[in-house]
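A.B. asks: My questions will all concern the structure given below.
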Amino acid sequence: MISMITDTSSYADDFLCHCSSGTVHSVYNKTINIQTPGQLLALQSASSPLSPVSLITDLTAGMLKSLHIEPGQAVRFSRESIEILSSGKSALFRYIPGHIYPSGLSALSAGSSPDVLKSRVQMAVGRSAADGFGPLFSLRPGKESDESLVLSAAREHMSRCRLLLLKQEYMEAAHTLSRLIGLGIGLTPSGDDFLCGVLASITLCRLSDHPFARCLAAELESHLSDTNDISATFLRCALQNQFSLAVCRLPDLPPADEILQSFEAVGHSSGTDTLCGILYALDLAGFLK
611 MISMITDTSS YADDFLCHCS SGTVHSVYNK TINIQTPGQL LALQSASSPL SPVSLITDLT
671 AGMLKSLHIE PGQAVRFSRE SIEILSSGKS ALFRYIPGHI YPSGLSALSA GSSPDVLKSR
731 VQMAVGRSAA DGFGPLFSLR PGKESDESLV LSAAREHMSR CRLLLLKQEY MEAAHTLSRL
791 IGLGIGLTPS GDDFLCGVLA SITLCRLSDH PFARCLAAEL ESHLSDTNDI SATFLRCALQ
851 NQFSLAVCRL PDLPPADEIL QSFEAVGHSS GTDTLCGILY ALDLAGFLK
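In the working numbering, the protein residues as written are 611 to 899.
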């Protein structure tokens, strides 16, 4: 079966220039994750939200599932195609994307106010019905279950980080916040999505050279193995300033409803958790400068 890859990111496109082979890492309802040297790439069904590792196909979720791809199968890359090899019929994806979005996040322009973005992100989080870290930022009560333990731990790490930053203890603050890695459940735990949001705000607010930002990047880099491979993939991208299309649109200061819609499309709670991280770091930005 020959399919098409219709959309991708500048990061994935550049990565494919230097990649010749890989293996199927895992298969889910709408995604085939491919392990390459140094990074995962994701073949996704049509109309999936764009991430920096997305290779969006022209197949529906059902069609993608019907390919019967399994973990461990070999993958061959070229500039024209991606082929998943099998003892039966191989799956071939023609690589001629019609849309390649720039996945490197830009800072807010000099004339844009972080306070405006903060207000809109706050409204978006407040309107979200997703679980994850949302209750910590929208005043909604958490569930009385194991999730409340996750929220309690997250609140403690966030509060302690804030206090340490006020005392300019940047290394300890970074170490404290990095303890969110792997916190939560799912393919991308809430703590990891939140940290991706924090890294996004650091870029948006032009704080990448701040001592806290440098310490946090070093801490996260050294603890990527503390979470699962898929989640580590997105953290690794964020550390390289590569983000989803939803995040990359934030410098344009979209309205709250548009922000909510684009982030909720990312996953069950992943988008909202990322927004929470963005909101948290936008709040910190005032006293990091």
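Idealized CB from N, CA, C, for every residue including glycine.
Specify, as a first and last residue, the run of the alpha helix (DSSP H) that Y638 falls within.
C.D. replies: On the sequence shown, residue 638 is found 28 positions in, with the first residue counted as 1. No alpha helix (DSSP H) contains Y638, which DSSP labels as neither H nor E.
A.B. asks: Classify D624 as buried or exposed, calling it buried when 16 or more other Cβ atoms lie within 10 Å of its own Cβ.
C.D. replies: In the sequence shown, residue 624 corresponds to position 14, counting from 1. Exposed, by the Cβ-count rule.
A.B. asks: Does DSSP put G736 in a helix, in a strand, or in coil?
C.D. replies: Counting from 1 along the sequence shown, the entry for residue 736 is found at position 126. Looking at G736 - three-state DSSP - the assignment turns out to be helix.
A.B. asks: Compare the Cα-Cα distances from L787 to each of V808, T798, I795 and report the closest residue.
C.D. replies: For the purposes of this step, residue 787 is taken as residue 177 along the sequence shown, with counting starting at 1. Residue V808 is the option with its Cα nearest to L787.
A.B. asks: Write down the C-beta distance between A875 and P659 rounded to the nearest angstrom, noting that I regard them as a contact closer than 8 Å.
C.D. replies: Taking the first residue of the sequence shown as position 1, residue 875 is located at position 265. Taking the first residue of the sequence shown as position 1, residue 659 is located at position 49. With a Cβ gap of about 5 Å, A875 and P659 count as contacting.
A.B. asks: Suppose the cutoff is 8 Å on Cβ atoms and the five residues either side in sequence are ignored; what does the same chain contact list for P586 look like?
C.D. replies: Residue numbering for the chain in the displayed model covers 611 to 899; residue 586 lies beyond these limits and cannot be assessed.
A.B. asks: What is the DSSP secondary structure of D819, counted as helix, strand or coil?
C.D. replies: Here the question's residue 819 lines up with position 209 in the sequence shown. Three-state DSSP puts D819 in coil, outside helix and strand.
A.B. asks: Less than 7 Å between C-beta atoms, sequence neighbours within five positions excluded: which residues of the same chain meet that for H635?
C.D. replies: For the purposes of this step, residue 635 is identified with residue 25 of the sequence shown, where counting begins at 1. The answer, listed in chain order, is N643, I644, Q645, L650, P681, D839.
A.B. asks: For the stretch 676-694 against the stretch 825-832, do three or more pairs of beta-carbon atoms, one drawn from each stretch, fall closer than 8 Å, so that the two count as touching?
C.D. replies: Contact fails: fewer than three Cβ-Cβ distances are below 8 Å.
A.B. asks: Could you tell me which residues DSSP puts in a beta bridge with G714?
C.D. replies: Counting from 1 along the sequence shown, the entry for residue 714 is found at position 104. Looking at the DSSP assignment, G714 forms a beta bridge with Q852.
A.B. asks: Taking all protein chains shown into account, do 16 or more other C-beta atoms lie within 10 angstroms of the C-beta of D741, making it buried, or fewer, making it exposed?
C.D. replies: Sequence index remark: in the sequence shown, residue 741 carries index 131 (1-based). D741 should be labelled buried.
A.B. asks: Per DSSP, which one or two residues make a beta bridge with L665?
C.D. replies: Looking up residue 665 in the sequence shown gives position 55. Answer is T618, L653, bridged to L665.
A.B. asks: Which complete alpha helix (DSSP H) runs does the stretch 670-694 hold, if anything under 4 residues is left out?
C.D. replies: Complete alpha helix (DSSP H) runs here, min 4: 671-675.
A.B. asks: Measure the Cβ-Cβ separation of Y890 and F822 and say whether it is below 9 Å.
C.D. replies: The residue you call residue 890 lines up with position 280 of the sequence shown. The residue you call residue 822 lines up with position 212 of the sequence shown. No; because the gap between Cβ atoms is not below 9 Å, this pair is not in contact.
A.B. asks: Terminal residues of the continuous alpha helix (DSSP H) containing Q871?
C.D. replies: To locate residue 871, count along the sequence shown from 1; it is residue 261. Per DSSP, Q871 belongs to the alpha helix (DSSP H) from 866-874.
A.B. asks: When the distance is taken between beta carbons, is L892 closer than 9 Å to V731?
C.D. replies: For this step, residue 731 is matched to residue 121 along the sequence shown. For this step, residue 892 is matched to residue 282 along the sequence shown. In contact: V731 and L892 (Cβ atoms closer than 9 Å).
A.B. asks: Which of the three DSSP states, helix, strand or coil, is assigned to G752?
C.D. replies: The count along the sequence shown starts at 1 and reaches residue 752 at position 142. Since pLDDT at G752 reaches only 48, below the 50 mark, its modelled position is unreliable, and no value is offered.
A.B. asks: Can you find the residues in the same chain that come closer than 6 Å, C-beta to C-beta, to S811, ignoring five residues on each side of it along the sequence?
C.D. replies: Walking along the sequence shown from the start, residue 811 turns up at place 201. The residues are I888, A891, L892.
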